[in-house]
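Participant: Supplied in structure tokens, the structure appears directly below.
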Amino acid sequence: MALFTGKGDGGTTKLFDSPQGARVSKSSPIFECLGQLDELNAITGWCRVACPEDFSFQERSVKELLHDVQDHLFTIQAEAAGAPKSVPQSSVKALGSLINDIEKELPETKTFLVLGGTELSARFDVARAVSRRAERRLVTLHESGERAISDPSRAYANRLSSFFYALARLANRRSGAKEQPPQYKDSE
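Shown next as structure tokens:
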């Protein structure tokens, strides 16, 4: 497969469900959404490669858990591009259970926390922030009427920011990094 064809040079491209010969403007909300999901998938891979081999939860490596997230992100991207695919409801439920189980290992917090305790937790914090933006674009696309996104895919996208937040806190906890609330310093 060629790395480029030049067919999109005019600002249009095709989708899975484009009628024969029809092209869609790259300014469409579909492509903003696809771009955000692609960015999140890349950042998830960046987090995955930084995970130590022994960083695991419930007898599964976090690298494996993140690979699962990447597979689900590809499914959501395919759905947004018009393929007849969606995240299974069982995956939404499994991710929610995993987040709840990670939370049980963490000290309770009732405040915001200063981000970054370790490089790995900082990467998860970036993934969390980008996942929220990708979710907003997914919801925008769905609400625009240009593309219906299934309830399970939207729910999975919603869970991802909580999952990355839980992983950031878990990475800090396992490394011994102290979590600190912000000081909210006023200007002088």
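So in UniProt numbering, spot 139 of the sequence shown is number 139, and the numbers just go up one at a time.
Every residue gets a Cβ at the ideal spot worked out from N, C-alpha and C, and that includes glycine.
State the CB to CB distance for the pair Leu160 and Glu105, rounded to an integer number of angstroms; the pair is presumed to be in contact (CB under 8 Å).
Facilitator: Rounded, the Cβ-Cβ distance is 19 Å, inconsistent with contact.
Participant: Check whether the stretch 115-122 touches the stretch 146-162, taking contact to mean three or more Cβ pairs, one atom from each stretch, closer than 8 Å.
Facilitator: The answer is no - the stretch 146-162 does not touch the stretch 115-122, with fewer than three Cβ pairs under 8 Å.
Participant: In terms of residues, what are the limits of the alpha helix (DSSP H) holding Gly45?
Facilitator: Unbroken alpha helix (DSSP H) run through Gly45: 29-50.
Participant: Which term fits Ser27, buried or exposed, when burial requires 16 or more other beta carbons within 10 angstroms of its beta carbon?
Facilitator: By the 10 Å Cβ count, Ser27 comes out exposed.
Participant: Could you tell me whether the Cβ atoms of Cys33 and Ala134 are closer together than 9 Å?
Facilitator: Contact flag set, yes.
Participant: Taking buried to mean at least 16 other C-beta atoms within 10 Å of its own C-beta, is Tyr184 buried or exposed?
Facilitator: Exposed: under 16 other Cβ atoms inside 10 Å.
Participant: Which residue spans inside the stretch 112-147 form an unbroken alpha helix (DSSP H) run of at least 4?
Facilitator: Within the stretch 112-147, the complete alpha helix (DSSP H) runs of at least 4 residues are 119-144.
Participant: In whole angstroms, give me the CA-to-CA distance for Phe31 and Ala157.
Facilitator: Phe31 and Ala157: Cα-Cα distance of roughly 17 Å.
Participant: Using only the alpha-carbon positions, how far apart do Arg174 and Ala80 sit?
Facilitator: Rounded to whole angstroms, Arg174 to Ala80 spans 37 Å at the Cα level.
Participant: To the nearest angstrom, how far is the alpha carbon of Gly176 from that of Arg48?
Facilitator: In a straight line, the C-alpha of Gly176 is about 20 Å away from that of Arg48.
Participant: Do three or more CB pairs link the stretch 94-109 to the stretch 56-73 at distances below 8 Å?
Facilitator: In short, these stretches touch, since the Cβ pair count reaches three.
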